Amino acid sequence: MPVYRLRENEISFPTPTLAREDGLLAVGGDLSVDRLLLAYTHGIFPWYNPGEEILWWCPRERFLIFPGEIHVSHSMKKYMKKHEFQIYLNRDFQDTMHHCRMKRECEEGTWISDEMEAAYLELHREGYAASVEVYEEGKLAGGLYGVAIGRCFFGESMFSERVNGSKVALIAFSRFLHQRGFLFIDCQFHTNHLEHMGGRFVSWDQFEHLLEEGVHVSC
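Put into C-alpha coordinates, the structure is as follows:
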(Lines of atoms letter the chains of each structure in order from A and count residues from 1; the text may use other names and numbers.)
(Lines give C-alpha, C1' and ligand atoms only; values in the text may rest on other atoms or scores of the structure.)
Protein backbone atom coordinates (compact mmCIF):
# COMPACT_ATOMS: atom_id res chain seq x y z
CA MET A 1 0.00 0.00 0.00
CA PRO A 2 1.47 3.41 -0.96
CA VAL A 3 2.12 5.87 1.83
CA TYR A 4 0.28 9.19 1.68
CA ARG A 5 2.52 12.23 1.15
CA LEU A 6 1.44 15.32 3.06
CA ARG A 7 1.25 18.66 1.30
CA GLU A 8 3.49 21.35 2.74
CA ASN A 9 0.87 24.10 2.53
CA GLU A 10 -2.08 22.08 3.84
CA ILE A 11 -2.51 20.82 7.40
CA SER A 12 -4.41 17.58 6.99
CA PHE A 13 -4.00 13.81 7.32
CA PRO A 14 -5.52 10.84 5.55
CA THR A 15 -8.08 8.73 7.41
CA PRO A 16 -6.20 6.84 10.17
CA THR A 17 -7.65 3.51 9.05
CA LEU A 18 -5.59 3.85 5.84
CA ALA A 19 -2.39 3.21 7.79
CA ARG A 20 -0.29 0.25 6.68
CA GLU A 21 -0.19 -2.93 8.71
CA ASP A 22 2.90 -1.68 10.56
CA GLY A 23 1.10 1.56 11.43
CA LEU A 24 2.78 3.93 8.97
CA LEU A 25 0.22 6.42 7.65
CA ALA A 26 1.94 9.35 5.96
CA VAL A 27 5.24 11.04 5.20
CA GLY A 28 6.30 14.68 5.03
CA GLY A 29 4.76 17.84 6.40
CA ASP A 30 6.18 19.67 9.40
CA LEU A 31 6.06 19.74 13.20
CA SER A 32 4.01 22.91 13.62
CA VAL A 33 1.76 23.15 16.67
CA ASP A 34 -1.37 23.05 14.49
CA ARG A 35 -0.25 19.92 12.64
CA LEU A 36 0.81 18.13 15.83
CA LEU A 37 -2.49 18.91 17.54
CA LEU A 38 -4.45 17.67 14.53
CA ALA A 39 -2.35 14.51 14.52
CA TYR A 40 -2.72 13.65 18.19
CA THR A 41 -6.46 14.32 18.28
CA HIS A 42 -6.79 11.66 15.57
CA GLY A 43 -4.41 9.14 17.15
CA ILE A 44 -1.48 9.99 14.86
CA PHE A 45 2.06 10.75 16.00
CA PRO A 46 5.48 11.47 14.41
CA TRP A 47 8.34 9.00 14.76
CA TYR A 48 11.35 9.06 12.46
CA ASN A 49 15.13 9.08 12.36
CA PRO A 50 16.89 12.44 12.73
CA GLY A 51 17.81 13.92 9.35
CA GLU A 52 15.16 11.94 7.48
CA GLU A 53 11.66 12.87 6.36
CA ILE A 54 8.96 13.00 9.03
CA LEU A 55 7.00 9.76 9.29
CA TRP A 56 3.50 9.75 10.79
CA TRP A 57 2.17 6.62 12.50
CA CYS A 58 -1.21 5.33 13.59
CA PRO A 59 -1.13 1.66 14.71
CA ARG A 60 -4.41 -0.19 14.23
CA GLU A 61 -4.14 -1.66 17.71
CA ARG A 62 -3.17 0.74 20.44
CA PHE A 63 -1.26 -0.04 23.60
CA LEU A 64 -2.74 1.95 26.49
CA ILE A 65 -2.44 2.32 30.22
CA PHE A 66 -5.69 3.22 31.91
CA PRO A 67 -4.62 5.48 34.80
CA GLY A 68 -6.80 3.68 37.36
CA GLU A 69 -5.26 0.34 36.36
CA ILE A 70 -1.57 1.17 36.81
CA HIS A 71 0.07 -1.94 38.22
CA VAL A 72 2.51 -1.52 41.10
CA SER A 73 4.32 -4.75 41.91
CA HIS A 74 4.87 -5.89 45.48
CA SER A 75 8.60 -5.21 45.19
CA MET A 76 7.93 -1.74 43.80
CA LYS A 77 5.56 -0.93 46.66
CA LYS A 78 8.27 -1.92 49.13
CA TYR A 79 10.84 0.15 47.27
CA MET A 80 8.63 3.24 47.27
CA LYS A 81 7.97 2.90 51.01
CA LYS A 82 11.69 2.76 51.77
CA HIS A 83 12.60 5.80 49.68
CA GLU A 84 11.43 9.39 49.80
CA PHE A 85 10.67 11.05 46.48
CA GLN A 86 9.70 14.53 45.42
CA ILE A 87 7.40 14.60 42.39
CA TYR A 88 7.05 17.68 40.21
CA LEU A 89 4.85 18.53 37.23
CA ASN A 90 6.44 20.70 34.54
CA ARG A 91 9.39 21.71 36.69
CA ASP A 92 11.62 21.76 33.62
CA PHE A 93 9.99 20.36 30.47
CA GLN A 94 12.92 21.17 28.20
CA ASP A 95 15.46 19.48 30.46
CA THR A 96 13.26 16.42 30.94
CA MET A 97 12.83 15.93 27.20
CA HIS A 98 16.55 16.38 26.67
CA HIS A 99 17.31 13.77 29.36
CA CYS A 100 15.05 11.34 27.48
CA ARG A 101 16.99 12.07 24.31
CA MET A 102 20.42 11.66 25.88
CA LYS A 103 19.53 8.36 27.57
CA ARG A 104 18.25 6.89 24.32
CA GLU A 105 21.15 8.17 22.24
CA CYS A 106 23.57 6.43 24.58
CA GLU A 107 21.65 3.15 24.77
CA GLU A 108 19.70 2.43 21.57
CA GLY A 109 19.43 5.50 19.36
CA THR A 110 16.66 8.06 19.39
CA TRP A 111 14.03 9.80 17.29
CA ILE A 112 14.27 12.91 19.51
CA SER A 113 16.14 15.36 17.29
CA ASP A 114 16.76 19.09 17.67
CA GLU A 115 13.66 19.60 15.52
CA MET A 116 11.55 17.41 17.80
CA GLU A 117 12.82 19.14 20.94
CA ALA A 118 11.95 22.57 19.53
CA ALA A 119 8.50 21.42 18.36
CA TYR A 120 7.46 19.85 21.67
CA LEU A 121 8.82 22.76 23.67
CA GLU A 122 6.49 24.98 21.65
CA LEU A 123 3.63 22.56 22.37
CA HIS A 124 4.50 22.86 26.05
CA ARG A 125 4.48 26.65 25.88
CA GLU A 126 1.02 26.47 24.30
CA GLY A 127 -0.18 24.26 27.17
CA TYR A 128 -0.37 20.94 25.31
CA ALA A 129 2.75 19.09 26.48
CA ALA A 130 3.69 18.15 30.03
CA SER A 131 6.57 16.64 31.94
CA VAL A 132 7.00 14.85 35.26
CA GLU A 133 10.22 15.01 37.26
CA VAL A 134 11.16 12.77 40.18
CA TYR A 135 13.82 13.72 42.69
CA GLU A 136 15.35 11.51 45.38
CA GLU A 137 17.61 13.00 48.05
CA GLY A 138 17.65 16.24 46.08
CA LYS A 139 18.91 14.60 42.90
CA LEU A 140 17.06 13.95 39.66
CA ALA A 141 15.96 10.30 39.60
CA GLY A 142 13.82 10.14 36.46
CA GLY A 143 10.97 11.58 34.50
CA LEU A 144 8.72 11.46 31.47
CA TYR A 145 7.03 13.76 28.98
CA GLY A 146 4.14 13.66 26.57
CA VAL A 147 1.19 15.49 25.06
CA ALA A 148 -1.96 16.29 27.05
CA ILE A 149 -5.17 17.15 25.20
CA GLY A 150 -8.50 17.21 26.99
CA ARG A 151 -8.61 14.06 29.12
CA CYS A 152 -6.09 12.15 27.02
CA PHE A 153 -2.36 11.83 27.60
CA PHE A 154 -0.06 10.67 24.82
CA GLY A 155 3.18 9.41 26.31
CA GLU A 156 6.37 10.07 24.38
CA SER A 157 9.39 8.98 26.41
CA MET A 158 10.76 8.26 29.90
CA PHE A 159 14.19 8.18 31.48
CA SER A 160 15.88 7.05 34.69
CA GLU A 161 18.98 8.50 36.33
CA ARG A 162 18.50 6.33 39.42
CA VAL A 163 17.00 2.89 39.97
CA ASN A 164 13.25 2.90 39.27
CA GLY A 165 13.18 6.63 38.53
CA SER A 166 10.95 6.33 35.46
CA LYS A 167 8.67 3.81 37.18
CA VAL A 168 8.07 6.18 40.09
CA ALA A 169 7.30 8.97 37.60
CA LEU A 170 4.79 6.83 35.69
CA ILE A 171 3.08 5.53 38.83
CA ALA A 172 2.77 8.99 40.38
CA PHE A 173 1.58 10.56 37.15
CA SER A 174 -0.97 7.79 36.52
CA ARG A 175 -2.47 8.43 39.93
CA PHE A 176 -2.50 12.16 39.23
CA LEU A 177 -4.28 11.62 35.90
CA HIS A 178 -6.77 9.21 37.43
CA GLN A 179 -7.76 11.78 40.05
CA ARG A 180 -8.44 14.27 37.27
CA GLY A 181 -10.55 11.96 35.15
CA PHE A 182 -8.10 11.27 32.34
CA LEU A 183 -9.20 8.35 30.18
CA PHE A 184 -5.87 6.85 29.12
CA ILE A 185 -2.15 7.12 28.63
CA ASP A 186 -1.35 6.26 25.02
CA CYS A 187 1.88 4.22 25.00
CA GLN A 188 1.69 3.99 21.18
CA PHE A 189 3.65 0.74 20.90
CA HIS A 190 3.96 -2.31 23.14
CA THR A 191 6.89 -2.90 25.46
CA ASN A 192 7.23 -5.64 28.07
CA HIS A 193 8.09 -3.00 30.67
CA LEU A 194 4.83 -1.11 30.11
CA GLU A 195 2.82 -4.33 29.95
CA HIS A 196 4.12 -5.26 33.41
CA MET A 197 2.89 -1.88 34.63
CA GLY A 198 -0.65 -2.49 33.40
CA GLY A 199 -0.57 -1.62 29.72
CA ARG A 200 -2.85 -3.52 27.35
CA PHE A 201 -3.96 -3.49 23.74
CA VAL A 202 -7.28 -2.04 22.63
CA SER A 203 -8.87 -2.19 19.20
CA TRP A 204 -8.86 0.83 16.90
CA ASP A 205 -12.63 1.18 17.34
CA GLN A 206 -12.26 1.36 21.12
CA PHE A 207 -9.36 3.77 20.90
CA GLU A 208 -11.24 6.01 18.47
CA HIS A 209 -14.21 6.09 20.83
CA LEU A 210 -11.93 7.12 23.71
CA LEU A 211 -10.41 9.85 21.58
CA GLU A 212 -13.82 11.23 20.66
CA GLU A 213 -14.82 11.21 24.32
CA GLY A 214 -11.63 12.69 25.68
CA VAL A 215 -9.92 15.15 23.36
CA HIS A 216 -12.65 17.78 23.28
CA VAL A 217 -13.05 18.03 27.05
CA SER A 218 -11.21 20.84 28.82
CA CYS A 219 -9.56 19.92 32.14
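In terms of my numbering, the sequence shown opens at residue 18 and continues consecutively.
Built from N, CA and C at the ideal position, the CB exists for glycine as well.
Remember, it's a predicted structure, so these values are computed and weren't measured experimentally.
Beta-carbon spacing of residue i, residue j below 9 angstroms
i, j, result
"G160", "E150", "yes"
"F176", "C117", "yes"
"F83", "A189", "no"
"K184", "M114", "no"
"H221", "R79", "Note that residue 221 corresponds to Trp in the displayed sequence, not to His. Yes, these two residues count as a Cβ contact at 9 angstroms."
"Y179", "L157", "According to the sequence displayed, residue 179 carries Arg and not Tyr. The answer is yes: Cβ separation under 9 angstroms."
"A146", "F110", "yes"
"S29", "L54", "no"
"Y96", "N209", "no"
"S90", "H213", "yes"
Per DSSP, the bridge partner or partners of residue i
i, result
"P84", "Paired residues: none, contrary to the question."
"I71", "According to DSSP, I71 bridges with nothing at all."
"Q205", "F80"
"S174", "Y162"
Residues near residue i by beta carbon distance below 7 angstroms, same chain, minus five either side
i, result
"Y57", "V164, I166, F171"
"S191", "I82, P84, I87, I202"
"V50", "E139, L140, E143"
"L200", "R168, C169, L227, E230, G231"
Range covered by the beta strand (DSSP E) that runs through residue i
i, result
"R217", "217 to 219"
"L157", "156 to 166"
"A43", "41 to 44"
Close Cβ partners of residue i (< 6 angstroms) along its chain, the five nearest in sequence each way excluded
i, result
"A36", "L42, C75"
"Y21", "P31, A43"
"E232", "According to the sequence provided, residue 232 is Val. The question's Glu does not apply to it. Counting only Cβ-Cβ distances below 6 angstroms, and skipping sequence neighbours, we find T58, I166, G167, C169."
"P67", "S130"
Close beta carbons around residue i, own chain, < 8 angstroms, minus the five adjacent residues each side
i, result
"S235", "The pLDDT assigned to S235 is 47, lower than 50, so where the model puts this residue is not dependable, and the model offers no usable value."
"E134", "Q111, M114, H115, R118"
Bounding residues of the alpha helix (DSSP H) (the contiguous stretch that carries residue i)
i, result
"G182", "182 to 196"
"A136", "131 to 142"
"Y96", "91 to 99"
"Y145", "Counting along the chain, Y145 falls outside any alpha helix (DSSP H), and DSSP gives it neither H nor E."
Residue-chain proximity (residue i, chain C), Cβ-Cβ < 9 angstroms
i, result
"S90", "Of the chains in the structure shown, none is chain C; there is only one protein chain."
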